[in-house]
Amino acid sequence: MLARRANMKSITRVVVYLSKENSCPQRARFQQSIVGHFCTGDEDSWMVNCALDQRRFLISDREFAGSNRVLLQRPPFCPIKHLTEAQASSLPAETQERGVDVGVAILLQSANQKVLLTRRSKTLSIFPNIWVPPGGHIEQDEQLLDAGLRELGEETGLWLEDGEFSWRPLALWESVYPPMLSRGLPKRHHVVVYLLLLSRESHQQLQVRLKPNEAEVSAYAWLDEPVLASIAATQNEIGATSTMAGDLPPAVSITELQHGSAKTVAIPTTMFLSSAPLQGEDVERVSTGTKFALRLWLDTLAVQAE
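0 is the number of the first residue of the sequence shown in my numbering; add one for each residue after it.
If you want it as structure tokens, here you go:
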């Protein structure tokens with residue numbers, strides 16, 4: 000009975016399938032590098048084609064019906080990239096059998112070009128207290144946009160309707176927790192689909208409707224381009240203290256949530272520039288995948304300005 004329940008649970012999850020050179024799609028293994036499946040040598044990014052097909056998220060090096068062409072990337076310190084055969088074989092059987100999960104994250108840009116980031120609750124099992132865009136897992140039979148809009152609504156109270164925004168797939172990020180081998184063997188392995196949503200409302204208009212879920216969100220902030228550019232510049236740094244550009248404000252206003260109330264506080268801008276520590280407990284920081292997505296978002300702004 001327990002085995003049957005575990006099997007039923009696994010069926011409802013959306014997992015990654017891979018196809019290379021028109022091969023039959025195969026379910027990705029937990030200990031398999033998704034980027035490494037396509038690239039050669041020590042590269043950490045590759046252009047791929049992807050699409051969601053019910054409970055299967057297919058990534059291929061060839062175009063296929065309904066696919067989008069996007070950049071797939073991992074950090075240079077990705078634990079799966081550096082996992083030895085001995086370490087891979089030592090992973091618990093239930094971990095090895097998980098496959099690679101799929102998540103969706105919404106990079107929400109207001110009409111006045113501010114981006115919403117949220118701080119994950121300290122009680123969450125992975126990446127607690129880390130700043131990310133709203134997002135989460137895809138439920139059975141959902142499409143990517145539907146999943147992203149649902150997660151945005153559930154986490155922030157912002158339920159966007161058709162006609163209030165435009166959108167497009169931004170990129171794929173290979174995410175592993177813990178984020179580096181020096182902090183333990185991998186427990187979770189995801190491909191995160193970043194979607195860029197361009198709202199037709201200003202952040203002040205959106206702010207009025209914000210009602211974050213404290214179980215998942217402990218704080219939120221609307222950040223502008225100069226701060227976001229500095230955050231994106233620290234994308235691949237680890238175990239280091241980043242320096243702040245002289246023209247940035249020393250502090251950033253965020254809204255913290257506690258026991259049903261919200262208050263605006265100022266925190267040092269350098270917190271957003273913090274990098275993942277090599278050892279010990281994690282620190283409050285912006286996730287590396289978020290920094291990657293912000294860099295691509297900045298590229299879109301640059302193209303629009305041309």
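Here a beta-carbon is modelled for each residue, glycine too, at the ideal position from N, C-alpha and C.
Spatial neighbours of residue 220 within its chain, please: C-beta separation below 6 Å, excluding the five flanking residues on both sides. Indexing the sequence shown from 1 puts residue 220 at position 221. The residues are 116 and 253.
How is the beta strand (DSSP E) around residue 250 delimited, first residue to last? Locating residue 250 in the sequence shown gives position 251, where the first residue counts as 1. It spans 250 to 257 - the beta strand (DSSP E) in which residue 250 sits, taken as one unbroken run.
Does residue 45 come out as helix, strand or coil in the three-state DSSP assignment? The residue labelled residue 45 in the question sits at position 46 within the sequence shown. Residue state, collapsed to three classes: strand.
Does the pairing of the region 206 to 218 with the region 119 to 128 give three or more beta-carbon distances under 8 Å? yes
When DSSP builds the beta bridges, which residues end up paired with residue 237? Your numbering for residue 237 matches position 238 in the sequence shown. DSSP lists 275 as partners of residue 237.
Just to confirm the assignment, what range does the beta strand (DSSP E) spanning residue 140 have? Taking the sequence shown and counting its residues from 1, the one referred to as residue 140 is at position 141. No beta strand (DSSP E) contains residue 140, which DSSP labels as neither H nor E.
Just tell me which of 278, 235, 175 and 226 has its CA closest to the CA of residue 80. Here residue 80 corresponds to residue number 81 of the sequence shown, with the count starting at 1. Taking only the C-alpha atoms, the option nearest residue 80 is 175.
Separation of residue 100 from residue 285, as counted between CA atoms: The sequence position of residue 285 within the sequence shown is 286, counting from 1. The sequence position of residue 100 within the sequence shown is 101, counting from 1. Whole-angstrom Cα-Cα distance: 21 Å.
Hey, residue 166 and residue 197 are a contact pair by Cβ (cut 8 Å); roughly how many whole angstroms apart? Position 167 of the sequence shown, counted from the start, is the residue given in the question as residue 166. Position 198 of the sequence shown, counted from the start, is the residue given in the question as residue 197. So it is a contact: roughly 7 Å between Cβ atoms.
Spell out a yes or no on whether the region 147 to 166 and the region 50 to 61 are touching, meaning 3 or more CB-CB pairs, one atom from each, closer than 8 Å. no
I'd like to know if the region 94 to 111 and the region 17 to 29 are in contact, where contact means that at least 3 CB-CB pairs between them fall below 8 Å. yes
Where the alpha helix (DSSP H) through residue 112 begins and ends: For the purposes of this step, residue 112 is taken as residue 113 along the sequence shown, with counting starting at 1. Per DSSP, residue 112 belongs to no alpha helix (DSSP H) and is neither H nor E.
Stretch pair the region 268 to 288 + the region 125 to 134: three plus CB contacts closer than 8 Å: yes
Tell me which same chain residues have a C-beta within less than 8 Å of the C-beta of residue 297, skipping the five on either side of it? By 1-based counting over the sequence shown, the position of residue 297 is 298. So the list reads 224, 227, 228 and 231, once near-sequence residues are dropped.
Whose C-beta lies closer than 7 Å to the C-beta of residue 256 among residues of the same chain, with five residues either side of it excluded? Residue mapping note: residue 256 aligns to position 257 of the sequence shown, counting from 1. So the list reads 211, 213, 216, 217 and 218, once near-sequence residues are dropped.
So within the region 37 to 109, which uninterrupted alpha helix (DSSP H) runs reach at least 4 residues, ignoring any that extend past its ends? 78 to 81, 84 to 88 and 92 to 95
Please tell me whether, using a cut-off of 7 Å, the distance from the CB of residue 179 to the nearest non-hydrogen atom of the ligand NAP is below it. Although the ligand NAP was asked about, the structure shown includes no ligands whatsoever.
How big is the Cα-Cα spacing for residue 207 and residue 158? Taking the first residue of the sequence shown as 1, we reach residue 207 at position 208. Taking the first residue of the sequence shown as 1, we reach residue 158 at position 159. Straight-line Cα distance between these residues: approximately 12 Å.
Reference residue 138; option with closest CA among 273, 11, 17 and 144: As a first step, residue 138 is located in the sequence shown; it is residue number 139 there, counting from the start. It is 11.
Which one or two residues does DSSP pair with residue 172 in a beta bridge? Looking up residue 172 in the sequence shown gives position 173. According to DSSP, which records beta bridges pairwise, residue 172 is partnered with 72 and 191.
Cα-Cα separation, residue 177 to residue 289: Reading the sequence shown from its first residue, position 178 is the one you call residue 177. Reading the sequence shown from its first residue, position 290 is the one you call residue 289. Looking at the two C-alpha atoms, the distance is approximately 16 Å.
Do residue 34 and residue 73 have their beta-carbon atoms positioned less than 8 Å apart in this structure? On the sequence shown, position 74 is the one that residue 73 refers to. On the sequence shown, position 35 is the one that residue 34 refers to. In this structure, residue 34 lies closer than 8 Å to residue 73 by Cβ.
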